[in-house]
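Undergrad: Just so we're aligned: 105 in this note's numbering is position 68 of the sequence shown, and the numbers increase by one with no gaps anywhere.
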Amino acid sequence: MIFEFFKHITISAPDYIKKMGYLKEILSIESRYKRFKIDWDRHLKNSKEVIIDALKMARNRRRVVVLGSGLLLDLPLREIASFFDDVVLVDIFHLPQVEEAVKVYENVRLINADITSTAHRLYISRPKPKTELPKEQPFFPECDSHCDLVISLNILSQLPIIPRNYLINELGWKDDEDITNWEHYIINAHFQSLLRLKCPVCLIADWELTYLDKNDVEIERHLTAPVLRDVEPYRQWFWRLVPIGYESKQYSVELTVGAFLFENSELLVYKET
Ligand SMILES: C[S@@+](CC[C@H](N)C(=O)[O-])C[C@H]1O[C@@H](n2cnc3c(N)ncnc32)[C@H](O)[C@@H]1O
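(1) Compute every distance between the C-beta of I188 and the non-hydrogen atoms of ligand 1, then say whether any falls below 7 Å.
(2) Quick one, are the C-beta atoms of L196 and I224 less than 8 Å apart?
(3) Output the distance between the C-alpha atoms of F177 and S119, rounded to the nearest integer angstrom.
(4) Could you name each continuous beta strand (DSSP E) segment of 3 residues or more that falls completely within the stretch 180-267, going from the start of the chain to the end?
(5) Does the Cβ of N83 have 16 or more other Cβ atoms within 10 Å, making it buried, or fewer, making it exposed?
(6) Leaving out five residues before and five after R163 in sequence, what residues of the same chain have Cβ atoms less than 7 Å from its Cβ?
(7) Out of L246, E255, F121, V139, state which residue places its alpha-carbon closest to the alpha-carbon of K93.
(8) With which residues is A296 paired in a DSSP beta bridge?
(9) Output the boundary residues of the alpha helix (DSSP H) element that contains L60.
(10) Tell me which residue opens and which closes the beta strand (DSSP E) that V145 is part of.
(11) What are the boundary residues of the beta strand (DSSP E) that includes R100?
(12) Do you know whose CA, among V254, Y288, L147, E214, lies nearest V124's CA?
(13) Does the beta carbon of I75 fall short of 7 Å from some heavy atom of ligand 1?
(14) Does the beta-carbon of H80 have 16 or more other beta-carbons within 10 angstroms, so that it is buried, or is it exposed?
(15) Whole angstroms is fine: what's the gap from K235's alpha carbon to I192's?
(16) Quick check on R79: does DSSP put it in helix, strand or coil?
(17) Helix, strand or coil for D52? Go by DSSP, reduced to three states.
(18) Closer than 7 Å to a non-hydrogen atom of ligand 1 - does that hold for the CB of G107?
(19) Quick one: any contact between the stretch 96-105 and the stretch 122-142, if contact means 3 or more CB pairs under 8 Å?
(20) Output yes or no for whether 8 Å exceeds the beta carbon distance between G105 and I63.
(21) Between K251, R258, E255, which lies nearest to G282 when the distance is taken from Cα to Cα?
(22) Can you grab the Cα-Cα spacing for the pair C184 / P113, in whole Å?
(23) If I'm right that L110 touches Y70 with Cβ under 8 Å, what's the distance once you round it to whole angstroms?
Structure follows, in structure tokens:
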């Protein structure tokens with residue numbers, strides 16, 4: 038906790054990244070990963086395996102864009118850097134240690150960008166409760182005709198979380214239907230933009246969250262990305278996000294994660310050849 042706090046103060050980042058809570062969230066992912074490594078490893082390994090499978094979809098090896106590169110925990114960077122000429126890693130913020138880690142690759146670039154196009158706008162415009170919320174189109178840098186694969190990496194359900202908390206905790210919004218609809222808008226807009234891309238896409242995203250008791254019996258579940266509920270995944274697995282005894286002695290938290298491979302607006306379960 039103290040370590041996280043110290044890092045938060047000493048790392049230089051744009052105002053909105055710190056004040057809205059993006060930096061705090063990245064630092065918290067880092068410390069949760071250290072604490073829950075055993076529980077997270079299978080999920081990280083599965084994500085990497087799916088990405089390696091997805092390389093087969095790329096017809097050329099010019100560029101791959103990764104949306105949600107974060108701490109690079111779930112990304113087989115060495116493999117994709119040796120496969121593609123140009124590797125573009127996009128996140129709202131990359132920690133200095135990530136900048137350091139990618140320096141060994143001549144063909145890896147980092148881009149710090151808000152892929153929803155709404156976070157900074159929200160921070161600047163500070164919309165009052167019950168007014169219009171920003172509905173910009175997503176911004177996917179470098180996903181143009183030179184791009185041969187786009188990977189959306191464990192980011193989809195995360196996109197509305199910090200903006201939502203900011204609206205409620207800082208701007209006085211009520212946690213009501215307006216906010217829920219806007220959250221769905223952000224998630225759906227990301228998904229639809231991926232479907233519209235002209236190159237193959239690998240989407241890895243959680244879509245359901247379950248609370249389990251100490252005997253692993255379900256207590257409650259809800260959808261984290263409703264748009265994915267009825268979409269057939271290429272692979273699916275469970276990610277024990279928080280083991281029992283950390284957030285609560287009564288429950289652990291588990292995510293259902295799906296991997297979806299598709300191309301040309303059509304969602305396909307990619308078949309091995
Ligand atoms: C659960 S993490 C993904 C895991 C990540 N691949 C890793 O290994 O750390 C979600 C990531 O989404 C990023 N993120 C959240 N909202 C974003 C936005 N609007 N634009 C770009 N990145 C965002 C966070 O900074 C975080 O790194």
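Virtual Cβ for every residue (Gly too), placed ideally from N, Cα, C.
TA: With the given structure in hand:
(1) The sequence position of residue 188 within the sequence shown is 151, counting from 1. No, ligand 1 has no heavy atom inside 7 Å of this Cβ.
(2) Here residue 196 corresponds to residue number 159 of the sequence shown, with the count starting at 1. Here residue 224 corresponds to residue number 187 of the sequence shown, with the count starting at 1. For L196 and I224, yes; Cβs fall inside 8 Å.
(3) Taking the sequence shown and counting its residues from 1, the one referred to as residue 177 is at position 140. Taking the sequence shown and counting its residues from 1, the one referred to as residue 119 is at position 82. Their backbone Cα atoms lie some 23 Å apart in a straight line.
(4) You should have 186-190, 238-249, 255-260.
(5) To locate residue 83, count along the sequence shown from 1; it is residue 46. It counts as buried.
(6) Residue numbering aside, residue 163 sits at position 126 when the sequence shown is read from its first letter. Cβ within range, chain order: L208.
(7) As a first step, residue 93 is located in the sequence shown; it is residue number 56 there, counting from the start. When each option's Cα is compared against that of K93, the closest is F121.
(8) Indexing the sequence shown from 1 puts residue 296 at position 259. I241, R272.
(9) Locating residue 60 in the sequence shown gives position 23, where the first residue counts as 1. Note, L60: alpha helix (DSSP H), 59-72.
(10) For the purposes of this step, residue 145 is identified with residue 108 of the sequence shown, where counting begins at 1. 145-149 is the extent of the beta strand (DSSP E) around V145.
(11) Looking up residue 100 in the sequence shown gives position 63. Residues 100-104.
(12) On the sequence shown, position 87 is the one that residue 124 refers to. It is L147 whose Cα lies nearest to the Cα of V124.
(13) As a first step, residue 75 is located in the sequence shown; it is residue number 38 there, counting from the start. False, no ligand heavy atom lies under 7 Å from that Cβ.
(14) The residue given as residue 80 occupies position 43 in the sequence shown. Here H80 is buried. Its C-beta has 16 or more other C-beta atoms within 10 Å.
(15) Taking the first residue of the sequence shown as position 1, residue 235 is located at position 198. Taking the first residue of the sequence shown as position 1, residue 192 is located at position 155. The C-alpha of I192 is placed about 20 Å away from the C-alpha of K235.
(16) Locating residue 79 in the sequence shown gives position 42, where the first residue counts as 1. Correct three-state label for R79: helix.
(17) Position 15 of the sequence shown holds residue 52. In the three-state reduction of the DSSP assignment, D52 falls in the helix class.
(18) Locating residue 107 in the sequence shown gives position 70, where the first residue counts as 1. Flag set: Cβ of G107 near ligand 1.
(19) yes
(20) To locate residue 105, count along the sequence shown from 1; it is residue 68. To locate residue 63, count along the sequence shown from 1; it is residue 26. Not closer than 8 Å, so no.
(21) The residue labelled residue 282 in the question sits at position 245 within the sequence shown. Just measuring C-alpha positions, the residue of K251, R258, E255 sitting nearest G282 is K251.
(22) Sequence index remark: in the sequence shown, residue 184 carries index 147 (1-based). Sequence index remark: in the sequence shown, residue 113 carries index 76 (1-based). C184 and P113: Cα-Cα distance of roughly 18 Å.
(23) Position 73 of the sequence shown, counted from the start, is the residue given in the question as residue 110. Position 33 of the sequence shown, counted from the start, is the residue given in the question as residue 70. Confirmed, about 6 Å.
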